[in-house]
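Colleague:
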Amino acid sequence: MSEQVESRASPKASDAAAQSPVQAEHEAALLDVVGLKTHFFTFGGVVKAVDGVSLSVRRGETLGVVGESGCGKSVTALSIIGLVPDPPGRTVAGRIDFEGRGDLVGAGAEAMREIRGNEISMIFQEPMTSLNPVFRVGMQIAEAIRLHRKVSKKEAMDSAIEMLGLVGIPSPMARARDYPHQLSGGMRQRVMIAMAMACQPKLLLADEPTTALDVTVQAQILDLMNRMKEASGAAIMLITHDMGVIAEMCQRVSVMYAGVVVEHTDVQTLFANPLHPYTVGLLDSIPRGRGRGGVSGQLKTIPGIVPNLLHLPKGCRFQDRCSQVHAACRQSEPPLARSFDEDGAGHLVRCWLHVSPAETPARPQDQS
Amino acid sequence: MSDAVIQAAKDDAAADLFTPTQSVAARFRRNKLSIFGAVIVVMAFAAALLAPWLSPLNPDAVDASSRLAPIGTEGHLLGSDELGRDILSRLIWGARVTLLVSLSATAIALIVGTFLGLISGYFLGWLDSVIMRLIDILMAFPYFLLALAVIAVLGPGLLNGMIAVALVNIPFFTRIVRGVTLSVRESDYVMAARGIGASNTRILVRHVLLNCVSTIIVAGTLNIGWMITAAAALSFLGLGVQPPTSDWGTMLSSGRQFLSAAPHVATLPGLAIFITVLGFNLLGDGLRDALDPRLRE
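Protein sequences, first through last, are from chains D and E. The first sequence begins at 1 in my numbering and counts up one residue at a time. The second sequence begins at 369 in my numbering and counts up one residue at a time.
1) Looking at the strands, I want to know which residues DSSP matches up with D:Phe41.
2) Figure out for me which residue from E:Ile585, E:Phe604, E:Pro631 and E:Ala634 has the closest Cα to the Cα of E:Phe365.
3) Give the residues of chain D in contact with E:Met559, contact being defined as C-beta atoms less than 8 Å apart.
4) With DSSP as the reference, identify every bridge partner of D:Glu263, one or two as the case may be.
5) Runs of 3 residues minimum, wholly inside the stretch 414-477 of chain E: which ones carry the beta strand (DSSP E) assignment?
6) Since D:Gly64 is in the alpha helix (DSSP H), which residue starts that stretch and which ends it?
7) Where DSSP assigns a beta bridge to D:Arg95, which residues make up the other side?
8) Tell me, please, whether the CB atom of D:Leu183 is closer than 8 Å to any CB atom in chain E?
9) Could you list the residues in the stretch 548-572 of chain E with a C-beta less than 9 Å from some C-beta on chain D, going in chain order?
10) Counting only Cβ pairs nearer than 8 Å, list the residues of chain E close to D:Glu114.
11) Looking at chain D, which residues of the stretch 577-593 of chain E have a Cβ within less than 7 Å of any of its Cβ atoms?
12) Mind pulling the chain E residues with CB within less than 8 Å of D:Ala29?
13) Just mark D:Lys314 as buried or exposed, buried being the case when its beta carbon has 16 or more other beta carbons within 10 Å.
14) By a C-beta neighbour count over all protein chains shown, 10 Å radius and 16 as the cutoff for buried, is E:Ala393 buried or exposed?
15) Going by the beta-carbon positions, is the gap between D:Leu213 and D:Gln189 smaller than 8 Å?
16) Per the DSSP calculation, D:Ala235 is bridged to which residue(s)?
17) CB D:Met237 to CB D:Ala49, shorter than 8 Å?
18) Measuring alpha carbon to alpha carbon, tell me which residue in D:Ile193, D:Ser79 and D:Lys150 is nearest D:Leu131.
19) Taking the beta strand (DSSP E) that D:Ser121 belongs to, which residues open and close that run?
20) Can you give, in chain order, each stretch of the alpha helix (DSSP H) that sits fully within the stretch 548-602 of chain E and has at least 4 residues?
21) Nearest to D:Pro87 by alpha carbon, out of E:Leu459, E:Leu522 and E:Leu492?
22) Assuming E:Ile519 and E:Leu607 make a contact with CB atoms under 8 Å, what is their CB distance in whole Å?
23) Which residues of the stretch 621-632 of chain E have a Cβ closer than 7 Å to any Cβ of chain D? Give them in chain order.
24) At a CB-CB cut-off below 8 Å, which residues of chain D make contact with E:His575?
25) For D:Ala212, would you say it is in contact with chain E, using Cβ-to-Cβ distances shorter than 8 Å as the test?
26) Return the chain-ordered list of same chain residues with a C-beta closer than 7 Å to the C-beta of D:Ala234, the five sequence neighbours on each side being excluded.
27) For D:Ser130, which three-state DSSP category applies?
28) Beta-carbon within less than 8 Å of D:Met157's beta-carbon, same chain only, minus the 5 sequence neighbours each way: which residues are those?
29) If you draw a straight line from the C-alpha of E:Leu636 to the C-alpha of E:Leu578, how long is it?
30) Among residues of its own chain, excluding the 5 on either side of D:Thr91, which ones have a beta-carbon nearer than 6 Å to its beta-carbon?
31) Short of 8 Å in beta carbon distance, which residues of its chain neighbour D:Gly35, apart from the five on each side in sequence? Order them along the chain.
32) Can you tell me where the alpha helix (DSSP H) holding D:Glu248 begins and where it ends?
33) Using a C-beta to C-beta distance shorter than 7 Å, which residues of chain E count as neighbours of D:Gly117?
34) Please look up how many angstroms separate the CB atoms of E:Gly462 and D:Ser121, rounded, as I've assumed it's under 8 Å.
35) For chain E, check one thing: does any of its Cβ atoms lie closer than 8 Å to the Cβ of D:Ser69?
36) If the criterion is Cβ atoms closer than 8 Å, does the pair E:Ala515 and E:Val498 meet it?
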């Protein structure tokens with residue numbers, strides 16, 4: 001096992017490893033999450049839904065967080081915004097630094113409420129149920145504004161109507177008076193985006209914003225999010241399981257598996273040169289049309305399922321599904337570190353095929 | 369045969385195009401029994417409000433010459449009781465007391481019960497445990513025994529009778545509202561409201577309470593029927609309304625002694641109670657069908 005690792009080690013990689021992550025990068029980051037652990041205390045035991053996630057979002061960029069269902073993507077986002085249902089969930093360790101202003105993990109309920117919807121907003125997966133059925137949509141957007149801005153009801157409603165226009169809803173005046181059940185799924189997601197962007201947040205957490213929508217509407221919503229981002233300069237943390245959405249939207253990507261980040265790099269590198277076998281599997285399972293998915297043209301899948309978070313295997317979390325598993329994988333868990341077959345400065349991976357045991361764990365900061 | 373079905377489908381489709389209020393009204397109108405219930409309730413309220421103008425005679429005027437007059441006697445349309453008081457007038461005035469007691473008791477139980485149910489279901493934890501165990505204790509008492517115990521402590525009377533029946537009915541509202549709160553607090557729109565920075569109080573009042581309103585309206589309407597029987601039962605035992613005021617319960621009680629000689633004296637107030645309770649229950653059922661989307665086809 002060590003032979004294999006050593007044979008793959010290159011001088012270049014060691015040099016890169018010697019460089020500590022650049023301090024300036026930390027400061028440039030809008031959101032900096034370090035070693036986040038959010039656990040759920042259930043009768044069956046402690047479910048480590050998020051088990052040491054580190055990631056960062058820079059100003060104005062879109063970070064993609066990709067992974068299967070149940071790998072901790074949504075819980076990571078909820079932890080950042082302080083909305084993990086407690087009980088049973090609790091953030092037990094880690095730092096969430098927003099704008100270098102200190103830790104959000106220890107921030108009080110009052111302080112978090114000030115930030116939510118104002119500086120960090122969230123868009124949820126289900127537009128059909130995320131609007132209160134008993135209020136007109138205009139009023140719900142106005143509510144978001146009045147929670148954080150000292151404006152009259154009239155002014156808030158005017159801004160709400162303006163927002164509805166901005167998110168591309170035709171005749172916003174009339175639609176503002178509609179109830180949620182009178183709007184289609186795509187329209188409701190536009191309303192949700194209007195609500196989230198109403199106070200010009202610096203960071204938008206988008207939890208699978210297009211998953212529940214028709215394919216034709218998905219593209220429109222993604223396009224809208226890109227336009228809103230450019231207009232407001234907000235950064236986006238985009239959670240999805242759709243590699244197509246990642247390619248469309250993101251500059252950098254963190255791949256999550258079973259509560260940890262397993263690979264982190266910029267989007268071009270990820271598609272051109274994926275390192276972690278899980279990422280390779282994810283990319284292989286994208287439908288590519290006739291004749292490109294192998295001899296039979298059949299869609300590839302990753303065998304097996306995400307391990308039970310109550311009983312994680314010793315060593316690498318992906319070992320039971322990995323085609324290249326070897327002895328080291330069953331011994332200990334690899335760190336998230338720079339790969340020694342480095343293709344760019346910032347390619348981090350959590351796999352014994354690509355990092356050596358001597359590697360110091362790195363932060364998902366790159367120098368590009 | 370299928371015309372009715374098609375019409376119903378059209379009504380439903382039409383109902384969806386309107387605002388919630390309009391579609392609820394449309395669904396309510398389709399239910400003939402609930403309309404019947406609503407008519408009874410409106411009539412009972414009309415009798416209570418317009419008693420001074422509607423009642424033909426002074427309900428307390430004693431007329432020794434026409435004691436226990438049968439139904440249809442001239443001057444006494446529904447006969448008279450053992451003191452010769454006009455039964456129709458007494459029924460009309462009695463509606464005032466009966467409805468006042470049952471409505472205010474329902475209001476007290478509804479407000480207290482809803483409040484407890486909301487905070488209990490929303491905050492959970494020890495607060496929920498404490499409130500729900502108290503409610504369990506309240507429910508462990510036999511319904512009527514508890515009311516009697518309250519009367520025993522506070523003394524008989526209109527106000528105390530009201531408090532007694534209200535107290536007994538608090539668990540009914542608390543449990544219903546807590547149940548709805550438990551489901552609403554987990555809904556995506558409550559999560560979304562937290563996501564835009566709404567406080568707990570705001571979420572409780574604007575999002576949870578308003579989504580409980582239809583349930584509370586239905587529970588309240590059905591509860592008034594119960595309250596009428598409970599208040600009448602207390603009066604029947606002489607623990608509720610005290611003379612000279614009288615409600616349907618006391619009329620029933622005093623008429624009982626003449627059941628063989630003049631059955632109408634006890635039967636008529638009994639019928640009044642029966643019909644009014646039926647009216648409230650039919651109205652409540654109709655409202656539930658109209659307001660509860662889960663019962664929609």
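Quick reminder that beta carbons are idealized off the backbone N, C-alpha and C, glycines included. Being a predicted model, the structure only gives us computed values, none of them experimental.
Modeller: Short version:
1) D:Val46
2) The structure shown does not extend to residue 365 of chain E, since chain E spans only 369 to 665, so no value can be given for it.
3) Leu83, Phe124 and Ser130
4) D:Val255 and D:Val349
5) none
6) First-last for D:Gly64: Thr62 to Val66, but that is the beta strand (DSSP E), not the alpha helix (DSSP H).
7) D:Val34
8) no
9) Glu554, Ser555, Asp556, Tyr557, Val558, Met559, Ala560, Ala561, Arg562, Gly563, Ile564, Gly565, Ala566, Ser567, Asn568 and Arg570
10) Gly565
11) Leu578 and Asn579
12) By Cβ distance, chain E contributes nothing, its closest Cβ being about 22 Å from D:Ala29, past 8 Å.
13) exposed
14) exposed
15) yes
16) D:Leu203
17) no
18) D:Ile193
19) Ile120 to Ile123
20) 556-563
21) E:Leu492
22) 5 Å
23) none
24) Asn132
25) no
26) Pro201, Lys202, Leu203 and Leu204
27) coil
28) Gly138, Met139, Ala142 and Ala176
29) 41 Å
30) Thr38, Ser79 and Val105
31) Gly52, Val53, Ser54, Ala93, Gly94 and Arg95
32) Met243 to Met249
33) Gly563, Ile564 and Gly565
34) 60 Å between Cβ atoms; not a contact.
35) no
36) no
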